[in-house]
Structure formats: structure tokens, C-alpha cells
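Novice:
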Amino acid sequence: MQIGNLHAQRGQALTETAFFLPLFLLLLFGMMWVIQVSVLNERAQVAVRYSGLVSNESDPYDGFSLYAIYNNVGNLKQSASTTCATPPPDAFTNDPTHGAFPGPTSQPFWKPDTGTTTGTCNQGRVQITDPSLTVPMLLIGTDSTASTQKTTTTNLPSAISGLQVNTLSASQNFVNTPDIASIMQCFPQLSSAVSNSLVGETAPGNNPAATAMLPAINPTTSLTLDC
Amino acid sequence: MFVVLTVNAQRGQTFPVWAMGSLSCMVLLAMVLNYGNMLTWQFRAQNAADSAARGLLAAQTTQWNQTLTALHAAAIDEYRIRNILRDLDEVVNGEGGCNGGDYHDIHSCDAMYLNLRGQYMDAVQRYTADALLIHRVATPNQATQIANMNAALTQMQKTGVCGTANGLDCGFTYALVGTQARDDNYLEDVYSDCCTFVVGGGTSSNPKPDLTPMEVEVVACANVSTLIPAFFNTQAPTFSAIGRAAATSIMANQEFMYLGSIVNPTTGNVFQQAEFPEGTSGSAVLANSENDGYYRIDYGGNPDNTWNHGNPAISNGKAAFTYSPANAGLLAATGWWSAMPVPTFKGTLTPGTQFQCK
Numbered sequence: 001m002q003i004g005n006l007h008a009q010r011g012q013a014l015t016e017t018a019f020f021l022p023l024f025l026l027l028l029f030g031m032m033w034v035i036q037v038s039v040l041n042e043r044a045q046v047a048v049r050y051s052g053l054v055s056n057e058s059d060p061y062d063g064f065s066l067y068a069i070y071n072n073v074g075n076l077k078q079s080a081s082t083t084c085a086t087p088p089p090d091a092f093t094n095d096p097t098h099g100a101f102p103g104p105t106s107q108p109f110w111k112p113d114t115g116t117t118t119g120t121c122n123q124g125r126v127q128i129t130d131p132s133l134t135v136p137m138l139l140i141g142t143d144s145t146a147s148t149q150k151t152t153t154t155n156l157p158s159a160i161s162g163l164q165v166n167t168l169s170a171s172q173n174f175v176n177t178p179d180i181a182s183i184m185q186c187f188p189q190l191s192s193a194v195s196n197s198l199v200g201e202t203a204p205g206n207n208p209a210a211t212a213m214l215p216a217i218n219p220t221t222s223l224t225l226d227c
Numbered sequence: 001m002f003v004v005l006t007v008n009a010q011r012g013q014t015f016p017v018w019a020m021g022s023l024s025c026m027v028l029l030a031m032v033l034n035y036g037n038m039l040t041w042q043f044r045a046q047n048a049a050d051s052a053a054r055g056l057l058a059a060q061t062t063q064w065n066q067t068l069t070a071l072h073a074a075a076i077d078e079y080r081i082r083n084i085l086r087d088l089d090e091v092v093n094g095e096g097g098c099n100g101g102d103y104h105d106i107h108s109c110d111a112m113y114l115n116l117r118g119q120y121m122d123a124v125q126r127y128t129a130d131a132l133l134i135h136r137v138a139t140p141n142q143a144t145q146i147a148n149m150n151a152a153l154t155q156m157q158k159t160g161v162c163g164t165a166n167g168l169d170c171g172f173t174y175a176l177v178g179t180q181a182r183d184d185n186y187l188e189d190v191y192s193d194c195c196t197f198v199v200g201g202g203t204s205s206n207p208k209p210d211l212t213p214m215e216v217e218v219v220a221c222a223n224v225s226t227l228i229p230a231f232f233n234t235q236a237p238t239f240s241a242i243g244r245a246a247a248t249s250i251m252a253n254q255e256f257m258y259l260g261s262i263v264n265p266t267t268g269n270v271f272q273q274a275e276f277p278e279g280t281s282g283s284a285v286l287a288n289s290e291n292d293g294y295y296r297i298d299y300g301g302n303p304d305n306t307w308n309h310g311n312p313a314i315s316n317g318k319a320a321f322t323y324s325p326a327n328a329g330l331l332a333a334t335g336w337w338s339a340m341p342v343p344t345f346k347g348t349l350t351p352g353t354q355f356q357c358k
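First to last, the protein sequences are chains A and Z. Note that my numbering has the first sequence beginning at 1, numbered continuously upward. Note that my numbering has the second sequence beginning at 1, numbered continuously upward.
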């Protein structure tokens with residue numbers, strides 16, 4: 001009887017191992033997956049930061065210069081001059097090839113799926129005209145979005161390898177001082193006065209002939225903001 | 001026998017080992033998940049704070065850029081007025097090549113006088129408009145700018161505005177925790193030039209705040225629940241994602257431009273072209289360029305005026321040029337303002353007092 005019990009307990013370890021091993025492997029796999037996802041999520045934030053905070057400071061000459069004023073008087077109208085850089089895929093791959101992210105190239109484990117990285121950069125003017133402001137505020141907004149995918153390793157069973165990360169993304173709207181072209185185009189009273197002065201008289205009577213002296217009380221009303 | 005039975009009975013007792021190992025892995029997985037989530041939120045908070053800090057300075061930088069724009073327009077008209085007055089003096093005295101005929105003759109001093117008078121009145125009118133404009137855009141002082149920053153910050157985190165192209169990241173509550181006039185020795189300030197000229201009645205050591213670049217510091221904060229808040233009745237606490245960022249107004253570009261000499265690549269002409277106020281056609285009335293030189297307004301300095309030497313300026317059509325400023329050409333020396341990130345300066349902050357978390 002006792003001998004029979006001994007035989008019945010043989011193989012119990014195998015049974016328990018067979019029960020727990022898949023769970024254990026699944027947990028280990030899950031940990032790897034979470035680490036990959038976390039790293040790529042952080043890189044998505046870095047990508048939008050590069051787009052909205054770093055790269056749009058790169059060209060002050062077009063954005064902030066007399067050149068911008070002279071190209072917004074008379075019949076001239078300059079297009080948006082502030083850089084709107086699309087979040088670079090290099091931020092995800094850490095690939096130093098393009099020079100944007102110097103450092104060692106990421107190993108495949110840390111890289112997103114090839115060809116799945118996308119980024120957008122939309123630039124626009126932000127007008128804040130609420131009465132709580134004594135002067136309306138004009139800003140340049142750089143709305144950057146970056147996203148990518150990471151598929152799990154194909155060495156795992158199909159039910160698991162089918163698990164995909166579809167929404168590894170980041171989005172941020174970076175606001176900044178408006179460029180001179182935007183100031184010229186969004187404050188019509190300023191633009192009109194400056195245009196008159198810089199262009200001068202193209203024909204007799206193009207500008208008002210009557211001379212208005214400085215009034216006793218100078219107006220302090222803020223300029224109209226209208227883009 | 002009893003001993004043998006005990007040993008055999010414990011064969012296969014791997015359950016506790018596997019159970020503890022699996023449990024440890026589950027806990028570790030939860031911790032890794034939460035930690036990754038926490039890091040992502042920290043990055044996001046920093047981005048949000050950087051965006052707000054830099055953007056708020058537009059209250060100062062835009063005002064200054066508007067002022068400089070209007071000042072430049074006034075400078076052009078002032079130069080124009082001075083030249084027209086010179087021309088008026090010449091035609092009144094019958095100098096510079098105009099003849100003594102009546103005003104029907106465009107070459108007569110009378111006709112030129114009438115044209116110059118009209119141009120003078122219009123230039124004064126524009127100059128007046130520019131002066132009024134400067135008064136309007138230069139009114140806010142630093143206290144008003146800070147009030148506008150706070151008001152703008154409130155607007156940009158309102159429901160319906162935040163999360164759009166017109167607002168900030170909805171995930172956070174923002175606070176302007178510090179403002180100060182920039183006091184440093186590593187960024188060029190506006191208050192003095194090479195010769196210790198100080199604007200606004202301040203001094204080099206004590207500049208006037210309203211004319212001194214500002215530094216602002218912003219906090220973006222959110223209380224975030226962990227992704228796995230409960231594990232075997234263990235309540236994981238929420239964590240605070242806090243972004244702190246400071247920015248300062250900075251002269252993004254500084255220019256010294258001879259407007260009548262340097263060619264604008266967009267138009268192919270010099271930035272500020274020569275004018276002929278003595279006539280109505282926009283071109284020289286007198287064919288003789290030597291005579292015309294007495295009336296023409298040349299913003300690069302009039303090379304045909306015998307009183308001028310060192311002209312014309314030589315431009316290569318690009319940014320660089322060669323110039324011998326021997327006469328009254330118009331030099332625009334200015335700078336344009338934007339914002340850049342700088343290190344935070346407020347030291348230790350108290351949550352709940354100096355800033356709130358969403």
C-alpha cells in the first residue's frame with residue numbers, strides 16, 4: 001500500500017512544471033513586452049519634443065528679421081517661416097545615420113516594426129482674445145504627433161505573437177512667440193501703418209494728405225488681432 | 001521505513017516554488033508596467049511645461065517685436081522727411097537744377113515745390129500714425145505682461161481649448177510659479193550697448209524691469225493613477241507627474257542692415273528703394289543724374305550727390321556686403337525677440353500652495 005503511494009507521487013513535479021511553465025514564460029514574455037512598450041512610449045515623447053521644441057528654433061533669419069517685414073508690405077505676403085519639423089523616425093530607432101540623435105544604434109529588440117513609424121507636424125496660429133487679457137495674445141502652435149508599432153517576437157505561439165501594439169503614440173502642442181510675418185499678417189493696423197511707411201507714395205494721394213497732429217490724449221487701446 | 005516514506009512523499013513538491021516564482025514575476029511585471037507608465041508621464045509633463053513656459057513669454061516678446069516694427073516704420077519716414085526738407089530748401093532757393101518756369105512745367109522749381117510739399121505732409125502724417133502706434137503697442141509694463149500670461153494660461157487649459165491646436169496638453173494643471181527680470185552674465189541683455197548706454201532710465205547694474213528680458217517658470221502637474229492600482233488588496237498610490245520648465249526672452253536675431261544697399265532676394269531690389277519726391281511719376285524728373293542727385297532720397301546714401309563720398313555701397317546680393325559709410329545712408333540696427341528654455345530658478349516648490357495637480 002505504501003509502495004503504491006510512492007509510485008503515485010512520481011511525476012508530480014513534471015505535472016506541476018507542465019502547469020506552471022507556460023504561465024511563467026507568459027509572465028516573462030509580458031515583462032519583455034512591457035519594457036519594449038515603455039521604451040517606445042518614452043521615445044515617442046522624445047520625438048514630439050524634438051519636433052516642437054528643438055527643431056523649430058533652427059532658423060531665426062526667416063522668422064525674425066527685417067527681411068520678414070519687407071516681404072509683408074505692399075503686395076508681398078510671406079508664407080509661414082517657422083520650421084515645422086516632422087517627428088523623426090530616428091527618435092525611435094536611435095539611428096545616428098541622419099545625425100539627429102547621436103549615439104549607438106538601437107538593437108532590434110528595442111526598435112519598432114520597420115515602416116510603421118509615422119509623424120505629423122501641423123503648424124498654426126493661436127489667437128487668445130479673451131477679455132481677461134489687456135492685449136490679445138498671438139502664438140505659433142506646433143502640434144506634433146508621433147506613433148509607431150511593435151509586434152511581439154514570432155518565436156512565440158501564434159496566439160501570443162498576434163498581440164500587437166497599435167497605439168504607441170505621443171502628441172503635444174508646443175506654443176511659441178509668433179514670427180514677424182505672423183505679426184505683420186495678424187495685426188492689420190500695424191501692418192497697414194508699416195506698409196504705408198516702407199512703401200511710401202507709389203502715386204500722388206495714395207496716402208492721406210491731411211496732417212493729423214498728435215492728439216491730446218493718445219489712444220492706448222490694444223491692436224486688433226485678426227489672422 | 002517511515003523516513004523513506006517521507007522522502008518519497010515529498011517528491012514532486014515543486015508547487016510552492018513555481019507559485020512563488022510566478023507570483024514574484026507578476027509583481028515584477030506590475031512594477032515594470034507602472035514604472036514605464038510613470039516615465040512616459042514624466043516626459044509628457046516636461047514637454048507640457050516647456051511648451052507653456054516658452055509660449056507665455058509671447059506677452060513680452062510680441063510687444064517688443066511690434067514696437068520695433070513700428071519704430072522701423074517711423075525711422076523710414078523720419079529719414080524721408082529729413083530728405084524732403086532738404087529738397088524743399090533747394091527748390092525754394094532755385095537750386096539743384098529746377099528752372100524758373102511756372103508750376104505747369106514739371107521741371108520748374110514751383111512744380112517741384114508743390115510735389116515736395118504734398119509728399120512732406122503725407123510723410124508727416126504717416127510718421128504721426130507710427131508714433132501713435134508705438135504708444136499703443138508699448139503701453140503694457142511688466143506687471144501687465146505677467147497678468148496677461150496668467151490669463152492666457154487659464155485660457156489655454158480650459159475645457160474645449162486644451163488638447164486642441166489652440167491649447168495646452170489637457171492632462172495637466174499649469175501654474176506660473178515664478179517671474180523675474182533676467183539677471184545674468186551669460187545672455188546678452190537689452191538694457192545696454194557697448195558704451196553702457198542704458199534705456200528706460202535704468203542703470204547697467206539696476207536695469208528698468210519693464211525693458212529687461214523676463215524669465216518665467218511654469219509647473220505642469222497631474223496626479224496619475226497607476227495602471228495596476230490594486231494587487232492582492234495592496235493599493236498602489238497615485239503618483240504625481242510634474243514638469244518644471246523655465247524660459248526667457250532672448251534676442252533671436254540681431255541685425256545691422258543698410259536698407260538702401262542690400263538686395264532683397266525676394267524682389268531683386270534693395271530693401272528700401274530710392275524715391276523721387278520732386279515729381280509724380282515715381283522716377284527722376286531731371287534726366288541729368290547729377291542734378292537729380294540733389295532731390296533723390298537714397299536710403300543707401302545718394303552716390304550722385306557731390307557732397308557724398310564713399311558711395312555707392314557694394315552689395316553681393318546676399319547677407320554680406322562691403323560698405324564705406326561716408327555719408328548719410330540709413331543703417332537699421334535692431335534685434336528681434338523670441339523665447340528659449342533656461343534652467344529653472346525658483347528652487348524648492350510646495351505642491352498645493354504654489355501649484356496644483358490635476
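Beta carbons: idealized from backbone N, C-alpha and C, even for Gly.
Can you say whether HIS72/Z is buried or exposed, counting buried as having 16 or more other CB atoms within 10 angstroms of its CB?
Specialist: Residue numbering aside, residue 72/Z sits at position 72 when the second sequence is read from its first letter. Per the 10 Å Cβ criterion, buried.
Novice: Using a beta-carbon distance below 9 Å, is ARG126/Z in contact with chain A?
Specialist: Here residue 126/Z refers to the residue found at position 126 of the second sequence. At least one chain A Cβ lies under 9 Å of ARG126/Z.
Novice: What whole-angstrom Cβ distance do ASN34/Z and THR334/Z have, given they're in contact under 8 Å?
Specialist: By 1-based counting over the second sequence, the position of residue 34/Z is 34. By 1-based counting over the second sequence, the position of residue 334/Z is 334. ASN34/Z to THR334/Z, Cβ: 53 Å. No contact.
Novice: Is the CB of GLN149/A under 9 Å away from at least one CB in chain Z?
Specialist: Taking the first residue of the first sequence as position 1, residue 149/A is located at position 149. No, because no Cβ of chain Z sits closer than 9 Å to the Cβ of GLN149/A.
Novice: Is ILE84/Z helix, strand or coil when you go by DSSP?
Specialist: Numbered from its first residue, the second sequence carries residue 84/Z at position 84. In this structure, ILE84/Z counts as helix in the three-state DSSP scheme.
Novice: Going along the chain, which unbroken runs of the alpha helix (DSSP H) with 4 or more residues stay wholly within the region 84-157 of chain A?
Specialist: Those alpha helix (DSSP H) runs which fall completely within the region 84-157 of chain A and span 4+ residues are 90-93.
Novice: Counting Cβ pairs closer than 8 Å, one from the region 35-46 of chain A and one from the region 86-96 of chain A, do we hit at least three?
Specialist: Segments in contact, yes.
Novice: Any beta-carbon of chain Z closer than 9 Å to the one on ASN122/A?
Specialist: Position 122 of the first sequence, counting from 1, holds the residue named residue 122/A. Chain Z, which has a Cβ nearer than 9 Å to the Cβ of ASN122/A, makes this yes.
Novice: Would you list, in chain order, the members of the region 13-44 of chain Z that have their beta-carbon closer than 8 Å to a beta-carbon of chain A?
Specialist: If the cut-off is 8 Å between Cβ atoms, the region 13-44 of chain Z has GLN13, THR14, PHE15, TRP18, ALA19, GLY21, SER22, CYS25, MET26, LEU28, LEU29, VAL32, LEU33, TYR35, GLY36, ASN37, LEU39, THR40, PHE43, ARG44 near chain A.
Novice: Select from the region 126-143 of chain Z all residues with a C-beta closer than 9 Å to any C-beta belonging to chain A, and list them in chain order.
Specialist: From the region 126-143 of chain Z, only ARG126, TYR127, THR128, ALA129, ASP130, ALA131, LEU132, LEU133, HIS135, ARG136, VAL137, THR139, PRO140 have a Cβ closer than 9 Å to chain A.
Novice: Going by DSSP in three states, SER79/A sits in which element: helix, strand or coil?
Specialist: Residue numbering aside, residue 79/A sits at position 79 when the first sequence is read from its first letter. Residue state, collapsed to three classes: coil.
Novice: Can you tell me whether ASN269/Z is buried or exposed, with buried defined as 16 or more other CB within 10 angstroms of its CB?
Specialist: Against the second sequence, residue 269/Z aligns to sequence position 269. Burial call: exposed.
Novice: Kindly give me the distance between the Cβ atoms of VAL219/Z and ARG244/Z, rounded to whole angstroms, as I take these residues to be in contact under 8 Å.
Specialist: Indexing the second sequence from 1 puts residue 219/Z at position 219. Indexing the second sequence from 1 puts residue 244/Z at position 244. Confirmed, Cβ separation roughly 5 Å.
Novice: What residues are listed by DSSP as bridge partners for PRO343/Z?
Specialist: What you label residue 343/Z is simply residue 343 of the second sequence in a count that begins at 1. DSSP, once it has assigned bridges, lists no residue as partnering PRO343/Z.
Novice: Locate the beta strand (DSSP E) running through PHE43/Z, then write down its first and last residues.
Specialist: Start at 1 with the first residue of the second sequence, and residue 43/Z comes out as number 43. No beta strand (DSSP E) holds PHE43/Z; the alpha helix (DSSP H) holding it covers 15-56.
Novice: When you compare the CB of ALA59/Z with every CB in chain A, is at least one pair closer than 9 Å?
Specialist: Position 59 of the second sequence holds residue 59/Z. Closer than 9 Å to some Cβ of chain A, the Cβ of ALA59/Z qualifies, so yes.
Novice: Going by beta carbon distance, what residues of the same chain come within less than 7 Å of CYS357/Z, once the five residues before and after it are set aside?
Specialist: If you number the second sequence from 1, residue 357/Z lands on position 357. Around CYS357/Z: THR173, CYS221, ALA222, ASN223, SER240, PRO351.
Novice: May I ask you to report which of helix, strand or coil DSSP gives GLN172/A?
Specialist: Residue numbering aside, residue 172/A sits at position 172 when the first sequence is read from its first letter. The answer is strand: DSSP assigns GLN172/A an E or B state.
Novice: With DSSP run on the structure shown, which of helix, strand or coil describes CYS170/Z?
Specialist: Translated into the one-based positions of the second sequence, residue 170/Z becomes position 170. Correct three-state label for CYS170/Z: coil.
Novice: Let's see if you can read the secondary structure: which residues bound the beta strand (DSSP E) around ARG244/Z?
Specialist: Position 244 of the second sequence, counted from the start, is the residue given in the question as residue 244/Z. Element bounds for ARG244/Z: 239-258.
Novice: Applying the criterion that 16 or more other CB atoms from any shown protein chain within 10 Å of the CB defines a buried residue, is PHE355/Z buried or exposed?
Specialist: Counting from one through the second sequence, the residue named residue 355/Z turns up at place 355. With 16 or more Cβ atoms within 10 Å of its Cβ, PHE355/Z is classed as buried.
Novice: When you compare the CB of GLN185/A with every CB in chain Z, is at least one pair closer than 9 Å?
Specialist: Residue 185/A sits at position 185 when you count from the first residue of the first sequence. Not closer than 9 Å to any Cβ of chain Z, the Cβ of GLN185/A fails to qualify, so no.
Novice: Who does ALA332/Z pair with in a DSSP beta bridge?
Specialist: On the second sequence, residue 332/Z is found 332 positions in, with the first residue counted as 1. Per DSSP, MET257/Z.
Novice: Taking only beta carbons into account, state which residues of the region 71-82 of chain Z come closer than 8 Å to chain A, listed in chain order.
Specialist: Answer in chain order: HIS72, ALA73, ALA74, ILE76, ASP77, ARG80.
Novice: Relative to the C-alpha of MET340/Z, which candidate in ALA246/Z, ALA284/Z, LEU330/Z has its C-alpha closest?
Specialist: Counting from 1 along the second sequence, the entry for residue 340/Z is found at position 340. Nearest of ALA246/Z, ALA284/Z, LEU330/Z to MET340/Z, Cα basis: ALA246/Z.
Novice: Along the region 250-279 of chain Z, where does the CB come closer than 9 Å to a CB of chain A? Name the residues.
Specialist: Within the region 250-279 of chain Z, the residues whose Cβ lies closer than 9 Å to some Cβ of chain A are MET251, ALA252, ASN253, GLU255, MET257, LEU259, ASN264, PRO265, THR266, THR267, PHE271, GLN272, GLN273, GLU275, PRO277, listed in chain order.
Novice: Beta carbon of LEU190/A, beta carbon of GLN272/Z: below 9 Å?
Specialist: The residue labelled residue 190/A in the question sits at position 190 within the first sequence. The residue labelled residue 272/Z in the question sits at position 272 within the second sequence. Contact flag unset, no.
Novice: Measure the alpha-carbon distance for ALA320/Z versus ALA274/Z and round it to whole angstroms.
Specialist: Position 320 of the second sequence, counted from the first residue, corresponds to residue 320/Z. Position 274 of the second sequence, counted from the first residue, corresponds to residue 274/Z. Residue confidence for ALA320/Z is low, a pLDDT of 43 falling below 50, so the modelled location carries little weight; the figure read from the coordinates is stated next. Taking the straight line from one Cα to the other gives about 21 Å.
Novice: Is the distance from the Cβ of THR62/Z to the Cβ of MET184/A below 9 Å?
Specialist: For the purposes of this step, residue 62/Z is identified with residue 62 of the second sequence, where counting begins at 1. For the purposes of this step, residue 184/A is identified with residue 184 of the first sequence, where counting begins at 1. Not in contact: THR62/Z and MET184/A (Cβ atoms no closer than 9 Å).
Novice: Span of the beta strand (DSSP E) holding VAL218/Z?
Specialist: Here the question's residue 218/Z lines up with position 218 in the second sequence. Counting along the chain, the beta strand (DSSP E) containing VAL218/Z begins and ends at 214-224.
Novice: Pull out every residue of the region 163-183 of chain Z whose Cβ sits closer than 9 Å to any Cβ of chain A, in chain order.
Specialist: The residues in question are GLY163, THR164, ALA165, ASN166, GLY167, LEU168, ASP169.
Novice: Chain Z partners of THR93/A, CB-CB under 7 Å?
Specialist: Within the first sequence, the letter at position 93 stands for residue 93/A. None at all; the shortest Cβ gap to chain Z is about 18 Å.
Novice: I'd like to know whether the C-beta of SER240/Z is nearer than 9 Å to at least one C-beta of chain A.
Specialist: Position 240 of the second sequence, counted from the start, is the residue given in the question as residue 240/Z. It does not: the Cβ of SER240/Z has no partner Cβ on chain A nearer than 9 Å.
Novice: Just the Cα atoms here: how many angstroms apart are PHE15/Z and SER22/Z?
Specialist: On the second sequence, position 15 is the one that residue 15/Z refers to. On the second sequence, position 22 is the one that residue 22/Z refers to. If I take the Cα positions, the gap works out to 10 Å.
Novice: Check whether chain Z comes within 9 Å of ALA85/A, counting only Cβ atoms and requiring the distance to be less than that.
Specialist: The residue given as residue 85/A occupies position 85 in the first sequence. Answer no: the Cβ-Cβ gap between ALA85/A and chain Z never drops below 9 Å.
Novice: When DSSP builds the beta bridges, which residues end up paired with ALA175/Z?
Specialist: Counting from 1 along the second sequence, the entry for residue 175/Z is found at position 175. According to DSSP, ALA175/Z bridges with VAL219/Z.
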